[in-house]
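Residue numbers (our numbering), protein chains in the order written: chain A, 1 to 112; chain B, 113 to 224. Yeah, the Cβ is synthetic: ideal placement off N, Cα and C, and Gly gets one too. This report refers to the structure that appears directly beneath it.
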Amino acid sequence: KAGVTQTPRYLIKTRGQQVTLSCSPISGHRSVSWYQQTPGQGLQFLFEYFSETQRNKGNFPGRFSGRQFSNSRSEMNVSTLELGDSALYLCASSLAGRETQYFGPGTRLLVL
Amino acid sequence: QQQVKQSPQSLIVQKGGISIINCAYENTAFDYFPWYQQFPGKGPALLIAIRPDVSEKKEGRFTISFNKSAKQFSLHIMDSQPGDSATYFCAALYSGTYKYIFGTGTRLKVLA
């Protein structure tokens with residue numbers, strides 16, 4: 001069974017731009033969660049989607065948004081990028097949200 | 113606000129030794145406590161997890177000890193091996209939700 005895939009793996013943007021990251025969950029998994037990982041802060045929860053609905057949201061500004069499609073694939077978007085948005089963005093999938101989460105390799109975003 | 117505090121930040125252990133990583137939480141509304149292992153360039157992978165009605169869980173060389181009254185849980189790695197060198201994260205899942213809170217991570221190095 002293929003694991004969680006994330007595209008792109010690396011991204012360089014400049015301040016003020018926007019970016020869209022993509023996540024394809026494990027086949028059959030309907031829950032997708034997104035996390036921001038930075039040194040010293042660990043993983044911080046962004047949001048979780050199930051059946052195209054956002055069920056939980058973390059404490060991030062409205063510039064961070066996401067969506068999920070009917071095939072469970074998910075995208076997250078960050079608008080008006082700031083230097084502090086430089087991070088590894090991880091997505092994780094699970095069957096329904098409260099079981100084992102399987103993480104993708106992440107997208108490393110660098111904002112210049 | 114960090115609701116799961118993890119220590120130490122880094123740990124060096126001799127091969128064959130015991131590695132111990134501790135986490136403390138503040139919110140009693142957590143009902144699932146997983147530990148993740150992350151190698152460089154990879155996403156975190158579930159190592160072992162425990163629910164608050166159990167005081168200890170062992171899987172191979174990995175053991176979680178859980179102290180509900182003290183709101184603490186710890187990971188013990190017995191007979192530590194160089195291949196265990198990685199970053200370890202504890203996490204907690206809010207009861208009735210799909211939101212995980214992660215510790216800030218412990219970088220473990222096992223010397224050969």
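Which of the three DSSP states is assigned to D165/B in this structure? Along the second sequence, one-based indexing puts residue 165/B at 53. Coil at D165/B, not helix or strand.
Buried or exposed, going by whether 16 or more other CB atoms sit within 10 Å of the CB of E82/A? Mapped onto the first sequence, residue 82/A falls at position 82. Answer is exposed; the Cβ neighbour count stays below 16.
Could you name the residues of the region 55–82 of chain A whose beta carbon sits closer than 9 Å to any beta carbon of chain B, in the order they occur along the chain? R55, N56, K57, G58, N59
Is there contact between the region 145–163 of chain B and the region 92–109 of chain A, where contact requires at least three CB pairs shorter than 8 Å? yes
Does G16/A get closer than 7 Å to chain B when you measure Cβ to Cβ? For the purposes of this step, residue 16/A is taken as residue 16 along the first sequence, with counting starting at 1. So no, G16/A is outside the interface.
Where the region 150–162 of chain B meets chain A: residues whose CB sits under 9 Å from a CB there: Q150, G153, K154, G155, P156, A157, L158, A161
Compute the Euclidean distance between the alpha carbons of T7/A and A92/A, then round it to the nearest angstrom. Position 7 of the first sequence holds residue 7/A. Position 92 of the first sequence holds residue 92/A. Straight-line Cα distance between these residues: approximately 13 Å.
Short Cβ contact (7 Å threshold) for A204/B with F151/B: The residue given as residue 204/B occupies position 92 in the second sequence. The residue given as residue 151/B occupies position 39 in the second sequence. Result no, Cβ atoms of A204/B and F151/B do not sit closer than 7 Å.
With distance defined between alpha-carbon atoms, name the residue in Q184/B, L223/B, K154/B nearest to D196/B. For the purposes of this step, residue 196/B is identified with residue 84 of the second sequence, where counting begins at 1. The shortest C-alpha separation from D196/B is found at L223/B.
Y49/A to G128/B span [Cα, whole Å]: Numbered from its first residue, the first sequence carries residue 49/A at position 49. Numbered from its first residue, the second sequence carries residue 128/B at position 16. For Y49/A and G128/B, the distance between alpha carbons rounds to 42 Å.
Closer than 7 Å, CB to CB, is K211/B near chain A or not? Counting from 1 along the second sequence, the entry for residue 211/B is found at position 99. Cβ-Cβ to chain A under 7 Å: yes for K211/B.
Beta carbon proximity, T7/A to chain B, threshold 7 Å: In the first sequence, residue 7/A corresponds to position 7, counting from 1. So no, T7/A is outside the interface.
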